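Colleague: Let me begin by handing over the structure; questions about it come next.
Numbering (UniProt numbering), first residue to last: 1 to 373.
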């Protein structure tokens with residue numbers, strides 16, 4: 001299916017609609033697998049797929065889904081409703097900003113670090129909404145009881161790492177610009193930062209679940225908390241802009257606090273990037289191993305097939321050639337013998353006429369014509 005999204009002759013709307021149709025099934029297994037397939041294509045498929053999803057007015061309408069076939073159906077229905085909400089939010093985020101937060105360029109010259117103040121204040125809340133929808137999946141290790149929900153959790157885990165990395169870089173950019181913002185912008189920025197601290201706590205709990213279910217500790221990033229003194233400095237700066245009395249603080253101390261906070265968040269970003277790079281490397285090695293296995297299998301298949309050059313004995317062409325070689329050769333340039341000249345001609349080759357005997361009539365000499373000249 002991933003390859004299909006890269007083929008220009010494949011109808012992406014039809015592919016997506018087929019997956020949507022599967023989510024109308026009453027079985028939690030069918031619906032959950034359809035959501036997982038959709039998520040997989042959004043992450044690893046061609047961008048045309050998520051572009052189409054973002055262009056739709058409605059995606060998954062599963063807020064009331066309930067499989068009553070058994071106890072497991074009741075339990076999994078809860079996670080299906082939460083999972084579908086996250087996929088809807090992921091598509092909405094793409095519609096609003098025209099890119100996928102989990103795939104943006106990161107680093108000092110990345111998208112979130114170089115964004116202007118006005119655009120940043122509009123974009124970071126979009127990341128927050130998507131992050132909230134992801135964390136609302138709210139599963140614990142005891143509820144990851146089957147391969148279907150485990151597959152969904154792994155996709156959410158990978159999205160969480162990349163999404164939080166973009167979120168973290170947006171906050172770094174916000175803090176670097178905060179003390180140069182206008183009053184209303186500072187108020188928005190402070191609210192965004194407070195929400196970020198709350199979500200950092202929630203993402204830490206999410207990562208603990210990942211560790212409990214067996215995800216390698218090296219694949220789980222270390223989240224460094226910004227110093228609490230930073231929040232005080234941000235609140236005091238906003239209060240000063242509003243004309244309130246505040247504690248005296250020097251520009252040097254404020255700069256030191258900001259520098260320490262940015263350093264802590266940058267360390268978190270570096271840890272997130274390393275995890276992402278390890279995952280990409282592992283995926284690359286897995287793909288190379290798969291290609292190597294396919295190549296070896298193909299070589300074995302070719303080795304089992306007999307060579308056509310060694311099986312020509314049963315060929316009708318070779319049989320005909322053998323019979324032709326047993327016929328004595330005829331020299332068509334030699335002078336015919338008398339016996340051959342007197343032999344009777346055979347009947348017509350197609351047996352359509354009897355033996356033809358030409359009647360020979362003497363040719364009379366032509367009369368001499370006088371020369372008129």
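Just so you know, even glycine gets a beta-carbon here, dropped at the ideal spot from N, CA and C.
From a predicted model like this one, the values you see are computed outputs, not experimental measurements.
1) Straight-line CA distance for residue 310 to residue 304?
2) Find out if the Cβ-Cβ distance for the pair residue 100, residue 50 is shorter than 8 Å.
3) Rounded C-beta distance between residue 166 and residue 215? I'm assuming under 8 Å.
4) State the DSSP-derived secondary structure class of residue 63, mapped to helix, strand or coil.
5) Assuming residue 95 is part of the alpha helix (DSSP H), what are its boundary residues?
6) What did DSSP end up calling residue 182 once you bin it into helix, strand or coil?
7) Any contact of the region 221 to 239 with the region 138 to 157, i.e. 3+ C-beta pairs under 8 Å?
8) Quick one: what does DSSP say residue 164 is sitting in, helix, strand or coil?
9) Does residue 82 come within less than 8 Å of chain C when only Cβ atoms are used?
10) Is residue 216 helix, strand or coil by DSSP?
11) Terminal residues of the continuous alpha helix (DSSP H) containing residue 115?
12) Could you check which residue in 74, 170, 20 has the C-alpha nearest to that of residue 53?
13) In three-state DSSP terms, what is residue 42?
14) How big is the Cα-Cα spacing for residue 58 and residue 88?
15) Taking the C-alpha atoms as reference points, what is the distance between residue 236 and residue 226?
16) Under 8 Å: do the region 14 to 29 and the region 72 to 83 share three or more Cβ pairs, one atom per stretch?
17) Does the pairing of the region 165 to 183 with the region 103 to 110 give three or more beta-carbon distances under 8 Å?
18) What residue range does the alpha helix (DSSP H) around residue 229 cover?
19) Are residue 159 and residue 82 closer than 8 Å when you measure CB to CB?
20) Could you give the distance in angstroms between the alpha-carbon of residue 86 and the alpha-carbon of residue 129?
21) May I ask which residues mark the beginning and end of the alpha helix (DSSP H) holding residue 55?
22) Can you tell which of 79, 209, 198 has the C-alpha that lies nearest to the C-alpha of residue 142?
23) Cutting at 7 Å between CB atoms, please list the residues of its own chain near residue 186, excluding the five before and the five after it.
24) First and last residue of the alpha helix (DSSP H) that includes residue 224?
25) Taking its Cβ as the centre, do 16 or more other Cβ atoms sit within 10 Å of residue 68, making it buried, or is it exposed?
26) What are the start and end residues of the alpha helix (DSSP H) that includes residue 21?
27) What residues in its chain sit with their C-beta under 8 Å from that of residue 171, if we drop five residues either side in the sequence?
28) Rounded to a whole number of angstroms, what is the C-alpha to C-alpha distance between residue 300 and residue 294?
29) Kindly list the residues whose CB is nearer than 8 Å to the CB of residue 17, restricted to its own chain and excluding five residues on each side of it in sequence; keep chain order.
30) I think residue 23 touches residue 62, with their Cβ atoms under 8 Å apart; what is that distance to the nearest whole Å?
31) Can you find a heavy atom of the ligand MN that lies under 7 Å from the Cβ of residue 163?
32) Residue 188: buried (16+ other C-beta within 10 angstroms of its C-beta) or exposed?
33) Just to confirm, is the Cβ distance from residue 120 to residue 174 under 8 Å?
34) From the DSSP output, in three-state form, read off residue 292 for me.
35) Report all residues from its chain with a CB closer than 6 Å to the CB of residue 44; omit the five preceding and five following residues, and keep chain order.
36) DSSP on residue 121, reduced to helix/strand/coil?
Modeller: To lay it out plainly:
1) By 1-based counting over the chain shown, the position of residue 310 is 310. By 1-based counting over the chain shown, the position of residue 304 is 304. With a pLDDT of only 48 at residue 310, under 50, the local geometry of the prediction cannot be trusted, and the value read off the model is given with reservation. Looking at the two C-alpha atoms, the distance is approximately 14 Å.
2) Here residue 100 is taken as the residue at index 100 of the chain shown, counted from 1. Here residue 50 is taken as the residue at index 50 of the chain shown, counted from 1. Contact: yes.
3) On the chain shown, residue 166 is found 166 positions in, with the first residue counted as 1. On the chain shown, residue 215 is found 215 positions in, with the first residue counted as 1. Contact doesn't hold; Cβ gap of about 21 Å is too wide.
4) What you label residue 63 is simply residue 63 of the chain shown in a count that begins at 1. Of the three classes helix, strand and coil, the one that applies to residue 63 here is coil, per DSSP.
5) Mapped onto the chain shown, residue 95 falls at position 95. It spans 71 to 97 - the alpha helix (DSSP H) in which residue 95 sits, taken as one unbroken run.
6) Along the chain shown, one-based indexing puts residue 182 at 182. Of the three classes helix, strand and coil, the one that applies to residue 182 here is coil, per DSSP.
7) no
8) If you number the chain shown from 1, residue 164 lands on position 164. Helix, per DSSP.
9) The displayed structure is made up of one protein chain only, and chain C is not part of it.
10) Taking the chain shown and counting its residues from 1, one reaches residue 216 at position 216. In this structure, residue 216 counts as coil in the three-state DSSP scheme.
11) The count along the chain shown starts at 1 and reaches residue 115 at position 115. Per DSSP, residue 115 belongs to no alpha helix (DSSP H) and is neither H nor E.
12) Sequence index remark: in the chain shown, residue 53 carries index 53 (1-based). Ranking the options by Cα distance to residue 53, first place goes to 20.
13) Sequence index remark: in the chain shown, residue 42 carries index 42 (1-based). It is helical.
14) Within the chain shown, the letter at position 58 stands for residue 58. Within the chain shown, the letter at position 88 stands for residue 88. Going by the C-alpha atoms only, they are around 8 Å apart.
15) Mapped onto the chain shown, residue 236 falls at position 236. Mapped onto the chain shown, residue 226 falls at position 226. Their Cα atoms are separated by approximately 17 Å.
16) yes
17) yes
18) For the purposes of this step, residue 229 is taken as residue 229 along the chain shown, with counting starting at 1. Note, residue 229: alpha helix (DSSP H), 228 to 241.
19) As a working mapping, residue 159 is identified with position 159 in the chain shown. As a working mapping, residue 82 is identified with position 82 in the chain shown. Against a cut-off of 8 Å, the Cβ pair of residue 82 and residue 159 comes out as no contact.
20) Counting from 1 along the chain shown, the entry for residue 86 is found at position 86. Counting from 1 along the chain shown, the entry for residue 129 is found at position 129. Whole-angstrom Cα-Cα distance: 9 Å.
21) Within the chain shown, residue 55 is the residue found at index 55, counting from 1. Its alpha helix (DSSP H) spans residues 47 to 55.
22) For the purposes of this step, residue 142 is identified with residue 142 of the chain shown, where counting begins at 1. Among 79, 209, 198, the Cα nearest to that of residue 142 belongs to 209.
23) As a working mapping, residue 186 is identified with position 186 in the chain shown. Same-chain partners within the cutoff: 178, 237, 238, 241.
24) One-based indexing of the chain shown puts residue 224 at position 224. Segment: none, residue 224 is in no alpha helix (DSSP H) and carries neither H nor E.
25) Taking the first residue of the chain shown as 1, we reach residue 68 at position 68. Looking at its Cβ environment, which holds fewer than 16 other Cβ atoms inside 10 Å, residue 68 is exposed.
26) By one-based count along the chain shown, residue 21 stands at place 21. Start and end: 12 to 22.
27) By one-based count along the chain shown, residue 171 stands at place 171. The answer, listed in chain order, is 124, 192, 193, 196, 265.
28) Numbered from 1 along the chain shown, position 300 holds the residue referred to as residue 300. Numbered from 1 along the chain shown, position 294 holds the residue referred to as residue 294. Spanning the two alpha carbons is a distance of roughly 10 Å.
29) Counting from 1 along the chain shown, the entry for residue 17 is found at position 17. Same-chain partners within the cutoff: there are none.
30) One-based indexing of the chain shown puts residue 23 at position 23. One-based indexing of the chain shown puts residue 62 at position 62. Confirmed, Cβ separation roughly 6 Å.
31) Ligands in the displayed structure: none, and consequently the ligand MN is not present.
32) Here the question's residue 188 lines up with position 188 in the chain shown. Buried.
33) Taking the chain shown and counting its residues from 1, the one referred to as residue 120 is at position 120. Taking the chain shown and counting its residues from 1, the one referred to as residue 174 is at position 174. Taking 8 Å as the Cβ cut-off, residue 120 and residue 174 qualify as a contacting pair.
34) Start at 1 with the first residue of the chain shown, and residue 292 comes out as number 292. Residue state, collapsed to three classes: helix.
35) On the chain shown, residue 44 is found 44 positions in, with the first residue counted as 1. Excluding sequence neighbours, residue 44 sits near 2.
36) Residue numbering aside, residue 121 sits at position 121 when the chain shown is read from its first letter. Looking at residue 121 - three-state DSSP - the assignment turns out to be helix.
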